[in-house]
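Novice: One structure coming up, written as structure tokens, with questions to follow.
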Amino acid sequence: MTQLGTGLAVLQEILSSSPNTHLNILCRTPSKLSQFSDKTTYPNINIIKGDIRDLSAVKSTLIDSATNLPVDIIVSSLGMILLRSSTFSMKWSDPSICHDGIRTIFDALSSLEGEYGAENVKTKVIAVSTTGISKKGRDIPFSMIPLYHLGKTPHDDKKKMEEEIIKWAGGGKRWVVVRPSLLVDGEGKKGVVRVGWEIPVVGESSGLGKNGGKGEDRKEIGHIITGARLENGSLRKLSRMAERVSGKDVL
Numbered sequence: 001m002t003q004l005g006t007g008l009a010v011l012q013e014i015l016s017s018s019p020n021t022h023l024n025i026l027c028r029t030p031s032k033l034s035q036f037s038d039k040t041t042y043p044n045i046n047i048i049k050g051d052i053r054d055l056s057a058v059k060s061t062l063i064d065s066a067t068n069l070p071v072d073i074i075v076s077s078l079g080m081i082l083l084r085s086s087t088f089s090m091k092w093s094d095p096s097i098c099h100d101g102i103r104t105i106f107d108a109l110s111s112l113e114g115e116y117g118a119e120n121v122k123t124k125v126i127a128v129s130t131t132g133i134s135k136k137g138r139d140i141p142f143s144m145i146p147l148y149h150l151g152k153t154p155h156d157d158k159k160k161m162e163e164e165i166i167k168w169a170g171g172g173k174r175w176v177v178v179r180p181s182l183l184v185d186g187e188g189k190k191g192v193v194r195v196g197w198e199i200p201v202v203g204e205s206s207g208l209g210k211n212g213g214k215g216e217d218r219k220e221i222g223h224i225i226t227g228a229r230l231e232n233g234s235l236r237k238l239s240r241m242a243e244r245v246s247g248k249d250v251l
């Protein structure tokens, strides 16, 4: 399940690297994805109109139409939109979209477990978060701290989303949170990225630095997410990254 923005970058990367992958896309405004609506060109794409807070729409998105079984992987790249900004404040479109959205996703998975049996719902979750919210210390350049203070609303929402994921993960579910720095548009460098990881539950981390990047290209994040495979409880990075993590935040 993807959303425009980073989600669109993930979609484009999948179509480029694994065009036979079956994709369900929950979209509030399907016309924004009209370029993918041609079934002759994109036979494996199923665009579903709905809102992330609509449990019925989310459940429909989590069923693979080819197998009539729950999907293997969810990619959630929910995020609010900046409506207005000034020197000292920013106004955002939907202050709880990430937290509400991930809760709806987990409610849908719980419902599917009741219908299909927990043993038949092996869905993995990859969620896009942000730097600047780690409890392990500063992971952004000093010069970017004022900007991140202005972004307190979306960062608080991402924090709540991550807390919801960790709570859900208590049952041994497989998940990864990707925390890119400030997202920008561009072509991406295909793997030239500094990476650290964190395990919130046990407090372990590695490679977290105070001089992290000032910006990350959405296409690069799409490449990283698409090149990830959750196998036997670990995330295998296939984009020149030797990091192996299980139930971790990847920064």
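Read in my numbering, the sequence shown has 49 at position 49, and its numbers run on one by one without any break.
Yeah, the Cβ is synthetic: ideal placement off N, Cα and C, and Gly gets one too.
If you check the beta carbons only, do threonine 29 and isoleucine 74 fall under 8 angstroms apart?
Specialist: No, Cβ-Cβ distance for threonine 29 and isoleucine 74 is not below 8 angstroms.
Novice: Measure the alpha-carbon distance for tyrosine 116 versus serine 110 and round it to whole angstroms.
Specialist: The alpha-carbon atoms of tyrosine 116 and serine 110 are separated by roughly 10 angstroms.
Novice: Give me the Cβ distance between glycine 222 and threonine 6, rounded to the nearest whole Å; I'm assuming they're in contact under 8 angstroms.
Specialist: At roughly 6 angstroms, the Cβ-Cβ gap stays under 8 angstroms, so glycine 222 and threonine 6 are in contact.
Novice: Grouping DSSP H, G and I as helix and E and B as strand, with all else coil, what is valine 58?
Specialist: Looking at valine 58 - three-state DSSP - the assignment turns out to be helix.
Novice: According to the neighbour-count rule (16 or more other Cβ atoms, all chains shown, within 10 Å of its Cβ), is phenylalanine 142 buried or exposed?
Specialist: Answer is exposed; the Cβ neighbour count stays below 16.
Novice: So does the region 90-97 actually touch the region 39-46, counting three or more Cβ pairs closer than 8 angstroms?
Specialist: With a cut-off of 8 angstroms, the region 39-46 and the region 90-97 do not count as touching, because too few Cβ pairs lie within range.
Novice: Taking aspartate 54 as the reference, which of Cys27, Asn120, Lys159 has the closest Cα?
Specialist: Taking only the C-alpha atoms, the option nearest aspartate 54 is Cys27.
Novice: Would you mind working out which of Trp175, Leu8, Val176 sits nearest glycine 79, comparing C-alpha positions?
Specialist: The option with the nearest alpha carbon to glycine 79 is Leu8.
Novice: Per DSSP, which one or two residues make a beta bridge with isoleucine 81?
Specialist: DSSP output for isoleucine 81 lists no bridge partner at all.
Novice: Can you say whether proline 180 is buried or exposed, counting buried as having 16 or more other CB atoms within 10 angstroms of its CB?
Specialist: Flag for proline 180 reads buried.
Novice: Can you give the beta carbon distance from valine 121 to proline 70, rounded, assuming they're within the 8 angstroms contact cut?
Specialist: Right, the Cβ-Cβ distance comes to about 5 angstroms (below 8 angstroms), so this counts as a contact.
Novice: Taking the DSSP output, what are the residues bridged to asparagine 24?
Specialist: The partner list for asparagine 24 (beta bridge, DSSP) reads Asn46.
Novice: The alpha helix (DSSP H) spanning isoleucine 166 covers which residue range?
Specialist: Here the alpha helix (DSSP H) through isoleucine 166 covers 152-168.
Novice: With a threshold of 16 other CB atoms inside 10 Å of the CB of proline 146, please say whether the residue is buried or exposed.
Specialist: So proline 146 counts as exposed.
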